[in-house]
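Q: Offset between the sequence shown (1-based) and the numbering used here: plus 1098.
Mind looking over this structure? Questions follow.
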Amino acid sequence: MHTTDVAILGGGIVGLATAYRLLERHPGTSITILEKERELAQHQTGHNSGVLHSGIYYKPGSLRATNCREGKLAMQDFCRKENIPFDLCGKVIVAIDSSELSQLQKIFERGKANGVQCSMIDAARLKELEPHAAGIQAIHVPESGIVDYRQVCDRLGQRITEAGGKILTSAKVKSMFRKQGRMIVDTLAGDVEARYVINCTGLHSDRVTRMSGQVPTAQIVPFRGEYFELKPTAQHLVKSLIYPIPDPNFPFLGVHFTRMIHGGVECGPNAVLAFSREGYYKTSINPFDLLESVTYRGFIRLAWKNWRAGWGEMWRSFSKPAFVAALQRLVPEIRSEHLVPAPAGVRAQAVTPDGQLVDDFLILENDLVINVCNAPSPAATASLNIGKLIVDKLGDRLGT
Ligand SMILES: Cc1cc2nc3c(=O)[nH]c(=O)nc-3n(C[C@H](O)[C@H](O)[C@H](O)COP(=O)(O)OP(=O)(O)OC[C@H]3O[C@@H](n4cnc5c(N)ncnc54)[C@H](O)[C@@H]3O)c2cc1C
């Protein structure tokens, strides 16, 4: 049996950032990352939009707001130190008509309260920044940026290994139990005995929380986000990041345009129920996952309350003209022939039994296990700070 001080379950950006911070604070601690895939960052982290979020949207004082602000600076420092390209290309959040102005103002006030560098701009300034965007008014956030989070994860993995950490891939965690004050983690790569366990398993975090003996307060419901990419001939229509006013009832930001760090422009994502926790295609169906979602009280309540919005998202998923229409609200010159399908991502969204989407980060802990139960966007931006928060929670327990 392999023994370790800390077993970190999940090799996405949150698990890796936690391991990195742990070794930084407690050098010499033995750490083992257990990842079920053959490579790191194959799920949410490897399928995201690559945006360095500024933290403008989040409720002041929430974990998302504070960790996003500090985490973004930490991510930029890490990238600078490691020569990983990133670009603070700026972003605009646009109000298309007067009905959206009050919501725009609310976002602006949140941004100010969160200490985000942002300004309210008129249509003329918007045209200078994004000549092809529609909108009567907008918020300009010059500090928003783009990066490749897979590249960040590769480097984190390298630094963790150099500092003595172990990364075991193809090591799916099947169960765990307590034995004499330690945790025994049963994986496909063998058993691991750990003094402490940190669960960062994203789309499976509720199931793994249950394995650890804790009862999750919310269930993960997977939402697929589908994307298109602009063909090279249409890429001039977007200079940086163009976002709509999001629906305040949902934690998703609405279909938007994202310039990517290695070139190209991504358009999307929408948000539809994924029929499998790792269902990247419309045809990916896992009967167990699907049944678990559609029979969950929380999901039924959520769907009942929001059937109109849900139906709109589904319609956009099956109808390219509907997707194009959503994009044309932001950039009217976009045409269907400018778009080619791009890989989708699946978000792990925690939903409470009464049908609420948990919009803040959610961490549950006992004496031996820390479970990251909800780490939605901007968790990639915030990851180095989430890692720090978890290391704080481990506190003096390590005794190093
Ligand atoms: C479409 C989309 C766009 C997004 N855009 C952005 C963005 O632009 N900026 C931003 O900051 N955030 C963005 N996010 C959010 C961000 O990507 C996630 O919040 C973040 O990646 C979560 O990281 P994680 O490590 O918790 O999860 P993951 O990256 O999903 O990692 C979890 C890991 O756990 C492993 N695992 C699961 N079960 C087990 C098991 N039983 N045993 C062992 N290993 C297991 C998985 O294989 C996986 O590697 C986006 C997310 C999505 C889906």
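Virtual Cβ for every residue (Gly too), placed ideally from N, Cα, C.
Keep in mind the model is a prediction, meaning the values are calculated, not measured.
Can you find at least 3 beta carbon pairs, one from the segment 1389-1397 and one from the segment 1338-1352, that sit closer than 8 Å?
A: No contact exists between the segment 1389-1397 and the segment 1338-1352.
Q: Please confirm whether Ile1219 and Ile1205 have their CB atoms less than 8 Å apart.
A: As a position in the sequence shown, residue 1219 is number 121, starting the count at 1. As a position in the sequence shown, residue 1205 is number 107, starting the count at 1. In this structure, Ile1205 does not lie closer than 8 Å to Ile1219 by Cβ.
Q: Is the beta carbon of Gly1300 within less than 7 Å of some heavy atom of ligand 1?
A: Here residue 1300 refers to the residue found at position 202 when the sequence shown is read from its first residue. Because some heavy atom of ligand 1 lies under 7 Å away, the Cβ of Gly1300 counts as near it: yes.
Q: Run through the segment 1353-1408 for me and flag every whole alpha helix (DSSP H) of 4 or more residues, listed as ranges in chain order.
A: 1385-1392 and 1395-1403
Q: Give the straight-line distance between the Cα atoms of Leu1328 and Phe1321, rounded to the nearest whole angstrom.
A: In the sequence shown, residue 1328 corresponds to position 230, counting from 1. In the sequence shown, residue 1321 corresponds to position 223, counting from 1. Cα to Cα, the separation comes out at about 23 Å.
Q: Would you kindly report the start and end of the unbroken beta strand (DSSP E) that includes Asn1483?
A: Locating residue 1483 in the sequence shown gives position 385, counting from the first residue. Element bounds for Asn1483: not the beta strand (DSSP E) but the alpha helix (DSSP H), Ala1477 to Leu1492.
Q: Just how far apart, CA to CA, sit Leu1202 and Ala1163?
A: As a working mapping, residue 1202 is identified with position 104 in the sequence shown. As a working mapping, residue 1163 is identified with position 65 in the sequence shown. Leu1202 and Ala1163: Cα-Cα distance of roughly 18 Å.
Q: Just checking, does the segment 1245-1261 make contact with the segment 1111-1129 on the three C-beta pairs under 8 Å criterion?
A: Short answer: they touch.
Q: For Tyr1247 versus Gly1169, is the C-beta distance shorter than 8 Å?
A: Working through the sequence shown from its first residue, we reach residue 1247 at position 149. Working through the sequence shown from its first residue, we reach residue 1169 at position 71. No, the pair does not count as a contact, with Cβ atoms beyond the cut-off.
Q: Should Asp1175 go down as buried or exposed, given a rule of 16 or more other Cβ atoms within 10 Å for buried?
A: As a first step, residue 1175 must be located in the sequence shown, where it is residue number 77. It counts as exposed.
Q: When you compare each of Asp1465, Phe1459, Pro1474 and Gly1497 to Leu1487 by their alpha carbons, which one comes out closest?
A: Within the sequence shown, numbered from 1, the residue matching residue 1487 stands at position 389. Comparing Cα positions, the closest option is Phe1459.
Q: Could you please give me the residues that DSSP links to Gln1235 through a beta bridge?
A: In the sequence shown, the residue the question calls residue 1235 occupies position 137. Per DSSP, Ala1193 and Asp1220.
Q: So what does DSSP say about Gln1333, is it helix, strand or coil?
A: Counted from its first residue, the sequence shown places residue 1333 at position 235. The answer is helix: DSSP assigns Gln1333 an H, G or I state.
Q: Hey, how far is the Cα of Gly1311 from the Cα of Leu1132?
A: Walking along the sequence shown from the start, residue 1311 turns up at place 213. Walking along the sequence shown from the start, residue 1132 turns up at place 34. If I take the Cα positions, the gap works out to 19 Å.
Q: Quick one: give me the first and last residue of the alpha helix (DSSP H) that Gly1113 is part of.
A: Position 15 of the sequence shown holds residue 1113. Ile1111 to Arg1123 is the extent of the alpha helix (DSSP H) around Gly1113.
Q: For ligand 1, is there a heavy atom less than 7 Å away from the beta-carbon of Leu1132?
A: Numbered from 1 along the sequence shown, position 34 holds the residue referred to as residue 1132. Yes - ligand 1 has a heavy atom lying nearer than 7 Å to the Cβ of Leu1132.
Q: Which two residues bound the contiguous beta strand (DSSP E) that contains Met1099?
A: For the purposes of this step, residue 1099 is identified with residue 1 of the sequence shown, where counting begins at 1. Unbroken run through Met1099: none, as it is neither H nor E.
Q: To which residues does DSSP link Met1509 through a beta bridge?
A: Lying outside 1099 to 1498, the shown extent of the chain, residue 1509 is not represented and no answer is given.
Q: Scan the segment 1412-1478 and note each continuous beta strand (DSSP E) run of 3 residues or more that stays entirely inside, going in chain order.
A: 1437-1449, 1460-1463 and 1467-1472
Q: Cβ of Gly1243 within 8 Å of Cβ of Leu1150?
A: Here residue 1243 corresponds to residue number 145 of the sequence shown, with the count starting at 1. Here residue 1150 corresponds to residue number 52 of the sequence shown, with the count starting at 1. Yes, the Cβ-Cβ distance between Gly1243 and Leu1150 is below 8 Å.
Q: At which residues does the alpha helix (DSSP H) containing Ala1163 begin and terminate?
A: Counting from one through the sequence shown, the residue named residue 1163 turns up at place 65. Counting along the chain, the alpha helix (DSSP H) containing Ala1163 begins and ends at Leu1161 to Glu1180.
Q: Going by CA-CA distance only, name the one from Ile1340, Phe1373, Ile1383 and Glu1376 that's closest to Gly1366.
A: Numbered from its first residue, the sequence shown carries residue 1366 at position 268. Ranking Ile1340, Phe1373, Ile1383 and Glu1376 by Cα distance to Gly1366 puts Ile1340 first.
Q: Give a yes or no on whether the C-beta atoms belonging to Glu1431 and His1141 are separated by under 8 Å.
A: Mapped onto the sequence shown, residue 1431 falls at position 333. Mapped onto the sequence shown, residue 1141 falls at position 43. Taking 8 Å as the Cβ cut-off, Glu1431 and His1141 do not qualify as a contacting pair.
Q: What does a CB cutoff of less than 8 Å around Arg1398 pick up in its chain, not counting 5 residues either side in sequence?
A: Indexing the sequence shown from 1 puts residue 1398 at position 300. One detail in the question is off: residue 1398 reads as Ile in this sequence, not Arg. Cβ within range, chain order: Val1392 and Gly1453.
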